[in-house]
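Visitor: Residue numbers for the sequence shown follow my numbering, so the first one is 17 and each next one is one higher. Ideal Cβ placement from N, Cα and C applies to all residues, glycine included. On a predicted model such as this, the values are computed, not experimentally measured, just so you know. Questions regarding the structure given below will be posed in turn.
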Amino acid sequence: MAHLFAIGPRVVREHALEHLRIVERSRHAATLVSVPKKATTIYACVECGSQATKWLGRCPDCNAWNSFAEEEVATAAKSQSSPSIGIAEIDGDEAPRISTCIAALDRVLGGGLVFGAVTLVGGEPGVGKSTLLLQAAEKLAARGPVLYVSGEESPRQIALRARRLRTTHANIRLFAETSVERIVAETEKTKPVAVIIDSIQTVHTSTNDSTPGSAGQVRDSAGILMTAAKRLSIPIFLIGHITKEGTIAGPKTLEHIVDTVLYFEGEKLQDFRIIRAHKNRFGPVNEVALFEMHDSGLAEVPNPSAALIAQRSGAPGSAVVAAIEGTRPILIELKALVSRTNFPSPRRMAVGIDANRVSLLLAVLEKKNGGSYVSSDVYVNLAGGLQVAEPAIDLGIIAALASSQKGVAIPHHTVVFGEVGLLGEVRSVSQPDARAREAAALGFQRVVVPRANAAEIHADIEVHGIARVEDFLGILLG
C-alpha cells in the first residue's frame, strides 16, 4: 500500500503537466486560426440615411416609401483621437485657393478650389459633367499631375473624348479603378494637384459588403475619400448621378459629408448649361454660372443677362425680370401664354418656376384685375432653361399673364421686379440698386419696382415705384 501511495502523486503531477501542455497548444492554435465574426446587418434609407434593425415600408424620418435597403456593417477599427486645440491658436488667415482657370467655375466655388475640399457635381446623364471636369483638368494640369479616376469608361474611351475636347495635357493621369482603397493609394503615390472621380456610384470599399452604388457603399466610400482629402490636402471632385426626382442618387448623408454640392442643370436639346451651388462651406450658395455647349466642349458665357434676353421679340406675354442668383443680378425673359379652352379643367403648366406660385398669382390677378382665367389654359416659361425660386419675379409673372390675356405688349425698354402678396400689395426685395444697374447696363430705360425700393435705386435709369398690383397694371399696360 505504501508503494502505491508513493507512485500516485507523481502520476497525478504528470497528468496535470500533460493537461497544461494540451491547453497551451490549443491557445496557440487559436491565435493562428481566427474565427470570423457574424456580420451585423442593418437597413438604411437610401433617401436620408436613416437606419433601422429591420426593414420598414416607410421611413420614419423622411416619410419615403420602400426606401430601406439591406447592408452589412463592419466593425470599425479604433482610431487615435487628436488633442483639442483653442480656436484662437488656429491661423485665422483665409487659406489660399487653386484657380481652375475657368472664371465661371471659380466664382461658383467661391473663388477657386480649397485644399482638401471635396466637391460633389451632380446632373443628368449627358448634361456635361465629365466634359466640364475634363476641361478643368486640362487647366489644372499646368500646375502638376491631375488624377482622373473612371469607373465607367476605359482609359481609351476617355482619351478619345479628350482629343475631341483638346484636353490632352501630359499631366492628366487616367486611372481605371473602382476600389476606394486603391484610389487612395494611387493618390498618395501620384500626389496630384486634384483628383476627379467619375463616378461616386461606381466605387466601392472592402469594409462594406454591399454592392457598388448602394446607400452604404456610397456613404462609406465618400467618407474614406473625404478623410484622404483632408489628410493629404488635395481637392477631390466627385461626379454623382441623379434620380428621376432630380436629386443626387444615394443617401442624403452624401451631401452632408462633402464640402460643396454643385448641380448641373440644362436640357440636352438646349445649348445653355447652368451650374448652381446648392451647398458651399467656402463660399456663397445659389451662385450660378452659365455655359454654352459646343462641339469642342463647354464655353463660359461671360454675360448671362445678355445671352438670356438676346432673342426676345417683345410680343404680348413677354416680360423681362431682374433676379438675383447667388451674388449677381441676372435679367431673364419670362413668357406667358393664356389660351381659351373648351375643356372643363384648364391646364396650368410652369417651366423654371414653381407651379404653385403661378396658381397663387393667378388668383391675385383675378381678384385685383377683374379678369377670369377659369376657362383658359395658362403656360409660363423662363427662357434659357434657368430655374428661379426667388419671389422677386412675381411682378414679372403678373405682367406676362396680363399682357398675354389682353394682347398688349409690355414696353420693350422696361424691366420689372418685386414680390406680390396675397392682398395684391407689392413688397420690397433685396439689392434693388444692383438689379437696376444691370438693366441700365444692357440698355433698358425704365424699371418698375416696389415703392419701398424706389429710394434705394441710384442707377441712371427711370424708376417707377408702385404699391399695389392695380397701379402696376395701369402703368405697364395702360
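In whole angstroms, what is the alpha-carbon distance linking Ala405 and Ala201?
Guide: For this step, residue 405 is matched to residue 389 along the sequence shown. For this step, residue 201 is matched to residue 185 along the sequence shown. Spanning the two alpha carbons is a distance of roughly 43 Å.
Visitor: Once the 5 residues before and after Glu154 are set aside, which same chain residues still bring their CB inside 6 Å of it?
Guide: For the purposes of this step, residue 154 is taken as the residue at position 138 of the sequence shown. Counting only Cβ-Cβ distances below 6 Å, and skipping sequence neighbours, we find Thr183, His185.
Visitor: Which residue wins for smallest C-alpha separation from Asp410, given the options Ala470, Val337, Val62?
Guide: Start at 1 with the first residue of the sequence shown, and residue 410 comes out as number 394. It is Val337.
Visitor: Using a Cβ distance threshold of 8 Å, determine whether the segment 316 to 334 contacts the segment 362 to 381, with at least three qualifying pairs required.
Guide: The segment 316 to 334 is not in contact with the segment 362 to 381.
Visitor: What three-state label does DSSP hand Thr497 in the structure shown?
Guide: Absent from the structure is residue 497, since the part of the chain shown begins at 17 and ends at 494.
Visitor: In angstroms, rounded to a whole number, what distance separates the CA positions of Ile346 and Ala450?
Guide: Within the sequence shown, numbered from 1, the residue matching residue 346 stands at position 330. Within the sequence shown, numbered from 1, the residue matching residue 450 stands at position 434. Using only the alpha carbons, I get a separation of about 10 Å.
Visitor: Please classify Val485: is it buried, with 16 or more other beta-carbons within 10 angstroms of its beta-carbon, or exposed?
Guide: To locate residue 485, count along the sequence shown from 1; it is residue 469. The residue is buried, with at least 16 neighbouring Cβ atoms inside 10 Å.
Visitor: Going by alpha carbons, who is nearest to Arg159 out of Arg179, Ile188, Val165?
Guide: For this step, residue 159 is matched to residue 143 along the sequence shown. The shortest Cα separation from Arg159 among Arg179, Ile188, Val165 belongs to Ile188.
Visitor: Judging by CA-CA distance, which residue of Thr194, Gly423, Glu349 is the nearest neighbour of His429?
Guide: The residue you call residue 429 lines up with position 413 of the sequence shown. Ranking Thr194, Gly423, Glu349 by Cα distance to His429 puts Glu349 first.
Visitor: Do you know how far the Cα of Ala456 is from the Cα of Ala475?
Guide: Looking up residue 475 in the sequence shown gives position 459. Looking up residue 456 in the sequence shown gives position 440. Spanning the two alpha carbons is a distance of roughly 7 Å.
Visitor: Can you list the beta strand (DSSP E) stretches of 3 or more residues lying completely in the segment 310 to 353, in chain order?
Guide: Listed in chain order, the complete beta strand (DSSP E) runs (minimum 3 residues) inside the segment 310 to 353 are 313 to 316, 334 to 341.
Visitor: Touching or not, the segment 166 to 175 and the segment 303 to 314, by the rule of three or more beta carbon pairs under 8 Å?
Guide: Result no; under three Cβ-Cβ pairs closer than 8 Å.
Visitor: Are at least three pairs of beta-carbons, each pair with one atom in the segment 371 to 379 and one in the segment 294 to 302, less than 8 Å apart?
Guide: The segment 371 to 379, when compared against the segment 294 to 302, does not touch it at the 8 Å Cβ threshold.
Visitor: With contact counted as at least three CB pairs below 8 Å, one residue from each stretch, are the segment 248 to 258 and the segment 129 to 140 in contact?
Guide: In short, these stretches touch, since the Cβ pair count reaches three.
Visitor: Considering only residues of the same chain and omitting the five flanking positions on each side of Ser66, which have a CB-CB separation below 8 Å?
Guide: For the purposes of this step, residue 66 is taken as residue 50 along the sequence shown, with counting starting at 1. Closer than 8 Å at the Cβ level, and outside the excluded window around Ser66, lie Ala60, Cys75, Pro76, Asp77, Cys78.
Visitor: Can you list, in chain order, the residues of its chain with a C-beta nearer than 7 Å to that of Ala418? Leave out the 5 residues immediately preceding and following it.
Guide: Along the sequence shown, read from residue 1 onward, the residue named residue 418 stands at position 402. Cβ neighbours of Ala418 beyond the five flanking positions: Leu381, Asn385, Leu489, Leu493.
Visitor: Can you tell me which of Ser222, Val436, Lys268 puts its alpha carbon nearest to the alpha carbon of Cys64?
Guide: Position 48 of the sequence shown, counted from the start, is the residue given in the question as residue 64. Cα-wise, what sits closest to Cys64 is Lys268.
Visitor: Evaluate Gly401 with the Cβ neighbour count: other Cβ atoms within 10 Å of its Cβ, from every protein chain shown; 16 or more gives buried, anything less gives exposed.
Guide: Mapped onto the sequence shown, residue 401 falls at position 385. Answer is buried; the Cβ neighbour count reaches 16.
Visitor: Exposed or buried, which one is Asp311 when buried takes at least 16 other CB atoms within 10 Å?
Guide: Taking the first residue of the sequence shown as position 1, residue 311 is located at position 295. The residue is exposed, with fewer than 16 neighbouring Cβ atoms inside 10 Å.
Visitor: Alpha carbon to alpha carbon, what distance is there between Glu441 and Gln233?
Guide: If you number the sequence shown from 1, residue 233 lands on position 217. If you number the sequence shown from 1, residue 441 lands on position 425. Each residue's Cα considered, the two are about 51 Å apart.
Visitor: Beta carbon of Ile426, beta carbon of Ala335: below 7 Å?
Guide: Taking the sequence shown and counting its residues from 1, the one referred to as residue 426 is at position 410. Taking the sequence shown and counting its residues from 1, the one referred to as residue 335 is at position 319. Yes, Cβ-Cβ distance for Ile426 and Ala335 is below 7 Å.
Visitor: In chain order, what residues of the same chain lie with their CB nearer than 8 Å to the CB of Thr243, ignoring the 5 residues before and after it?
Guide: Looking up residue 243 in the sequence shown gives position 227. Nothing meets the Cβ criterion.
Visitor: Excluding the 5 residues flanking Asp287 on each side, which residues of the same chain have their C-beta closer than 6 Å to its C-beta?
Guide: On the sequence shown, position 271 is the one that residue 287 refers to. Contacts found: Glu308, Met309.
Visitor: Using a Cβ-Cβ cutoff of less than 7 Å, which residues in the same chain neighbour Asn397 once the five nearest sequence positions on both sides are dropped?
Guide: For the purposes of this step, residue 397 is taken as residue 381 along the sequence shown, with counting starting at 1. Within the same chain, Asn397 has close Cβ partners Lys351, Val367, Gly368.
Visitor: Could you tell me the distance, in whole angstroms, from the CA atom of Val124 to the CA atom of Ala471?
Guide: Translated into the one-based positions of the sequence shown, residue 124 becomes position 108. Translated into the one-based positions of the sequence shown, residue 471 becomes position 455. Approximately 31 Å, taken between the alpha carbons.
Visitor: Smallest Cα separation from Ile214: which of Leu149, Asp107, Glu271?
Guide: Taking the first residue of the sequence shown as position 1, residue 214 is located at position 198. A quick correction: the sequence has Asp, not Ile, at residue 214. Looking at the Cα atoms, Leu149 is the closest of the given residues.
Visitor: Let me confirm a value: Gly126 is counted as buried when at least 16 other C-beta atoms fall within 10 Å, else exposed. Which label applies?
Guide: Sequence index remark: in the sequence shown, residue 126 carries index 110 (1-based). By the 10 Å Cβ count, Gly126 comes out buried.
Visitor: Starting from His220 and walking both ways along the beta strand (DSSP E), at which residues does that stretch end?
Guide: Taking the sequence shown and counting its residues from 1, one reaches residue 220 at position 204. Unbroken run through His220: none, as it is neither H nor E.
Visitor: Rounding to the nearest angstrom, what Cα-Cα distance links Thr47 and Glu105 in this structure?
Guide: For the purposes of this step, residue 47 is taken as residue 31 along the sequence shown, with counting starting at 1. For the purposes of this step, residue 105 is taken as residue 89 along the sequence shown, with counting starting at 1. Note that Thr47 scores 43 on pLDDT, short of 50, meaning its location in the model is unreliable and no value can be drawn from it.
Visitor: Residue range of the alpha helix (DSSP H) that Ser146 falls in?
Guide: Taking the first residue of the sequence shown as 1, we reach residue 146 at position 130. Element bounds for Ser146: 145 to 156.
Visitor: Kindly indicate the opening and closing residues of the beta strand (DSSP E) around Arg189.
Guide: On the sequence shown, position 173 is the one that residue 189 refers to. Element bounds for Arg189: 188 to 192.
Visitor: Determine the DSSP secondary structure at Ile216, reduced to helix, strand or coil.
Guide: In the sequence shown, the residue the question calls residue 216 occupies position 200. Reduced to three states, the DSSP call for Ile216 is coil.
Visitor: Check this for me: beta carbons of Ala210 and Pro251, under 7 Å apart or not?
Guide: Indexing the sequence shown from 1 puts residue 210 at position 194. Indexing the sequence shown from 1 puts residue 251 at position 235. A contact, by the Cβ cut-off of 7 Å.
Visitor: Are Asp107 and Thr116 close, meaning C-beta to C-beta below 7 Å?
Guide: The count along the sequence shown starts at 1 and reaches residue 107 at position 91. The count along the sequence shown starts at 1 and reaches residue 116 at position 100. No. Outside cutoff.
Visitor: Taking only three categories from DSSP, how would you classify Gln67?
Guide: For this step, residue 67 is matched to residue 51 along the sequence shown. Strand at Gln67.
Visitor: Decide if Pro25 is buried, meaning its Cβ has at least 16 other Cβ atoms within 10 Å, or exposed.
Guide: Position 9 of the sequence shown, counting from 1, holds the residue named residue 25. Unreliable placement is indicated for Pro25, whose pLDDT of 49 sits below 50; no coordinate value is reported for it.
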